[in-house]
Amino acid sequence: MKKTAYIILVVSLAALLFWALAPRQKLASADAKDFDAFVTALIDEQAIPGIAIAVVRARQVVHLQGYGYADVEARRPMTADTPMNIASISKPILGIVLLQLRDKGLLDLDADINRLLPFRVNNPNAGGAPITVRQLATHTSGIEDYYEIADYQKGAASPTKLSDYLRSLVSADGTRYEAGAHFLDAKPGTAREYSNLGAGVAGAVAEAVGGASLAALAKNNVFEPLGMANASWLLADYPVGKLATRYEVAQCLPYTSLCASTQQPKRNYLVNKIFRPTSADRRLEVYPQFGNPNYPDGGVNASARDLTLLAQSILAHAKYGRGKLLSQASFEEMLKLQLPAEIDDRQRFFWRDRNGLTGHSGSDLGVYTSLYFDKQRGDAIIVLMNRTPDLETEDAMARLHKRAQADFLGR
1 MKKTAYIILV VSLAALLFWA LAPRQKLASA DAKDFDAFVT ALIDEQAIPG
51 IAIAVVRARQ VVHLQGYGYA DVEARRPMTA DTPMNIASIS KPILGIVLLQ
101 LRDKGLLDLD ADINRLLPFR VNNPNAGGAP ITVRQLATHT SGIEDYYEIA
151 DYQKGAASPT KLSDYLRSLV SADGTRYEAG AHFLDAKPGT AREYSNLGAG
201 VAGAVAEAVG GASLAALAKN NVFEPLGMAN ASWLLADYPV GKLATRYEVA
251 QCLPYTSLCA STQQPKRNYL VNKIFRPTSA DRRLEVYPQF GNPNYPDGGV
301 NASARDLTLL AQSILAHAKY GRGKLLSQAS FEEMLKLQLP AEIDDRQRFF
351 WRDRNGLTGH SGSDLGVYTS LYFDKQRGDA IIVLMNRTPD LETEDAMARL
401 HKRAQADFLG R
């Protein structure tokens, strides 16, 4: 017993000594005097390859700049015009496409989607209740969240058709239906659960009703009217070297070869939080660009400038009661709170409230994105980062938002 206690004591003392002697990075961002210095320090502290930031005040752009690198090895700088995957910010763009179809008289938001789709959605827990487009756009359809990285196609669009992919999961005769395993044990409209799979079904509705691909619908009716020159749902629209390279970052213990990536989130967080590895103790790993068969949930690529144009369009419509994208009725539908408070008091039509702002964030392999706006004040903040986020980086992004609000928006 004494020997065991002695061993534990020695190991504990060794761990404390290692922690005390290990080099830890000082957070220079905390003392940064101006915004550029703050972002530059944040890039070094968090091993961020590149980041693009836009700030809109009273509907006017007051800051639009890239920092760091879109591709580290090639020394290609990140700029305001560098396109990258924007992940789940794609969902509100899908929402705009759906509302445009409503404006054309082609879509009833409360219609049964099984009357619109080329396949059936068989929810065994629905009790005969239909699933509607509104429920898909508010994550109350009863379709559970689902994505499988093994389904991603490296370097190209997925060869699997969207309708075939969805049918395999939500139709009773689907190869991955699994007796309705991808549905909540709740009737549609009674519970909210964020669902990438549900967004895919909403995209299939848009294509079926609109008579064109989601890529074409968005290009012709959202991207081109707003001048979003680098925005597209098609990976093939970008030549090699155009998109920002996606990165994973591994945090490594000083003096050791023990590293943890975001695939081990708890270990990654502890290593970063306790030891704060210096840049020399972090390793960048490249992710390939990829295609997702469920592309409506997050397949758009766009630049910070593109998303600034989208935000300005929304803010101008909110101010003047008219815009390029939607009728006033559909614009109000997009931004109204959609659900009873007992279900959720922050959900709009694919947009969602957070910290007093409305918007959406996104993350996927090698990307983090956010777009949030205040329609009353006409303000917006947009952030695009080409690395997989971890818990520490998400904390840093929250600090970035606060600093941008303080420096540019007077908050």
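All letters in the sequence shown, in the order written, are residues 1 to 411 by UniProt numbering. Virtual Cβ for every residue (Gly too), placed ideally from N, Cα, C.
By the neighbour-count definition (other C-beta atoms within 10 Å, threshold 16), Val-286 is an exposed residue. With a cutoff of 8 angstroms on beta-carbon distance, Ser-303 and Pro-83 are scored as near each other.
Assigned with DSSP and collapsed to three states, Arg-59 falls in coil, not helix or strand. Straight-line measurement puts the Cα of Leu-253 at about 42 angstroms from the Cα of Leu-310.
Between the C-alpha atoms of Gln-251 and Asp-379 there is a straight-line separation of about 35 angstroms. In terms of CA proximity to Ala-54, Asp-81 leads the group Val-205, Ala-30, Asp-81, Gly-366. The beta-bridge partner set that DSSP reports for Val-209 is empty. Between the beta-carbon of Ser-90 and that of Pro-225 there is about 18 angstroms, and that puts the pair past the 8 angstroms contact cut.
Counting every other CB atom within 10 Å of its CB across the protein chains shown gives Ile-314 a total of 16 or more, marking it as buried.
With a threshold of 16 other beta carbon atoms within 10 Å, Ile-149 falls short and is exposed.
Our two residues, Gln-46 and Ala-186, have alpha carbons roughly 41 angstroms apart in a direct line. In this structure, Trp-233 is the residue among Leu-106, Pro-239, Trp-233 with its C-alpha nearest to the C-alpha of Pro-293. Residues of the same chain with a CB within less than 7 angstroms of the CB of Ala-218, apart from the 5 flanking positions on each side, are Ile-93, Val-97, Trp-233 in chain order. If you keep only unbroken alpha helix (DSSP H) runs of at least 4 residues inside the region 278-314, you get nothing at all. The alpha-carbon separation between Gly-356 and Lys-375 amounts to approximately 11 angstroms. By a beta-carbon distance limit of 8 angstroms, Ala-87 does not contact Thr-393. Their separation comes to about 14 angstroms.
Ile-51 sits in a strand when the DSSP states are folded into three classes.
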